[in-house]
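In our numbering, the protein residues as written are 4 to 274. Beta carbons: idealized from backbone N, C-alpha and C, even for Gly. Small disclaimer: the values here were computed from a predicted structure and weren't measured. Okay, structure first, notes after.
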């Protein structure tokens with residue numbers, strides 16, 4: 004079994020403020036450790052599933068996918084994992100290292116998209132934009148990255164994050180197993196004790212990987228109509244010069260393609 008884990012921080016248990024996501028911020032070290040613990044428990048769940056399935060080979064690659072991509076504490080993770088740190092600078096972004104040889108993708112610490120009330124830290128990719136829409140639906144980082152996995156024919160086994168995002172994931176594909184780490188309440192969050200959430204992640208990841216994952220590949224649209232609305236009109240004007248982009252009004256760009264890799268290429272330069 005070969006498992007890929009993409010880990011973010013805004014969706015981990017109890018995190019509620021931007022200061023807690025930044026390496027210079029208040030309580031960052033605590034939430035860095037919680038992010039690491041949630042990833043660790045996902046790894047243990049995957050390892051136990053592999054043992055139950057009696058597979059001869061086992062591999063886990065973890066992508067540190069938050070901010071600097073240098074958050075996870077490798078020495079606190081199991082010795083059988085590999086950790087991808089830093090940013091490659093390519094199209095895959097938060098999915099760096101994923102290829103078609105993987106059997107499953109796991110998302111840890113993910114969060115609701117921009118313009119959502121599901122998390123005080125809701126956003127998509129960065130804070131320069133109001134939203135990204137793909138085929139008229141506000142896109143989360145989960146959507147962007149799950150479509151990349153689908154382009155490689157790799158199924159999504161599991162997602163953890165805020166409650167509203169877990170509901171979104173179930174609507175995208177009901178076969179994806181989820182754990183809600185917290186519930187967003189306007190500018191606040193409500194969470195279970197982290198020990199409870201950590202155990203839920205371990206148990207549910209194990210369950211997710213013991214299933215037949217053929218039905219867990221997220222449906223890939225035949226074409227992509229993308230809209231990005233920026234907070235600053237100057238950013239939209241600048242982005243409109245990317246080939247294939249058009250400026251709509253003063254603060255939005257539109258882009259169309261039948262090739263998802265071309266969408267990701269546009270994101271690389273315009274997000």
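Residue 143 and residue 127 do touch by the CB rule: their CB atoms are close to 6 Å apart, below 8 Å. Shown here for residue 43: same chain residues with a beta carbon closer than 7 Å to its own, the five before and five after excluded, namely 79, 80 and 81 in chain order.
Contact check for residue 268 against residue 132 fails: the beta carbons are separated by 8 Å or more. Going by DSSP, residue 48 is part of the alpha helix (DSSP H) stretching over 31–56. Take residue 40, set aside five residues on each side of it, and the residues of its chain with a beta-carbon closer than 8 Å to its own are 79, 197 and 201, in chain order. Around the beta carbon of residue 77, fewer than 16 other beta carbons lie within 10 angstroms, which makes this residue exposed. Annotation: the continuous alpha helix (DSSP H) that includes residue 152 extends over 144–154. Between the alpha carbons of residue 204 and residue 136 lies a distance of about 30 Å. DSSP places residue 76 in no alpha helix (DSSP H); its state is neither H nor E. Remark: C-beta atoms of residue 86 and residue 94 do not approach each other more closely than 8 Å. Where residue 241 is concerned, the enclosing alpha helix (DSSP H) starts and stops at 236–242.
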